[in-house]
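Quick note on numbering: the numbering used here labels position 28 of the sequence shown as 9, and the sequence is numbered without any gaps.
Glycine included, C-beta positions come from ideal geometry on N, C-alpha and C.
First up is the structure itself, then whatever we jot down about it.
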Amino acid sequence: MSNGRNKYQSRENRAKVRQVLKETWDPIGVRDTPEAQDEYDRYVAEVYVMLMDQRATPEAIAAHLYDRAVNHIGVPDRPEVFERSRHTAKLLAALRPSFETH
-18 MSNGRNKYQS RENRAKVRQV LKETWDPIGV RDTPEAQDEY DRYVAEVYVM LMDQRATPEA
42 IAAHLYDRAV NHIGVPDRPE VFERSRHTAK LLAALRPSFE TH
């Protein structure tokens, strides 16, 4: 258990992070492609650790998502990619209090 969270709750919380990444961040536009629903799964754990264990700020999470989109996934460096990363980070940070109550 990390910081007192049980495995079941951690899995449930990570599923919520996965959903936000898929529905909001979605830098390559695959949210409606059934065979690509796991496309961003590799980023769920690292974002969850940043959010809960490292207590990262929305700005740090946004920078991380932006870096992943541009430097790892290969999305062109455009302002809308940064803005989507920033919006996603704010949504994720807003989930933190509900994650902590479990």
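Distance between V28 and R59, taken at the CA atoms: about 22 Å.
Going by beta carbons, A43 and R23 fall outside the 8 Å limit. In the displayed model, A37 falls within coil according to three-state DSSP, outside both helix and strand. Spatial neighbours of R36 in its own chain (CB-CB distance under 8 Å, excluding positions within 5 residues in sequence) are not present.
For K(-3), the enclosing alpha helix (DSSP H) has its first and last residue at K(-12) to V1. Taking 8 Å as the cut-off, the beta carbon of E20 is found closer than this to the beta carbon of V11. Sixteen is the threshold: since fewer than 16 other Cβ atoms of the shown chains lie within 10 Å of the Cβ of P57, the residue is exposed.
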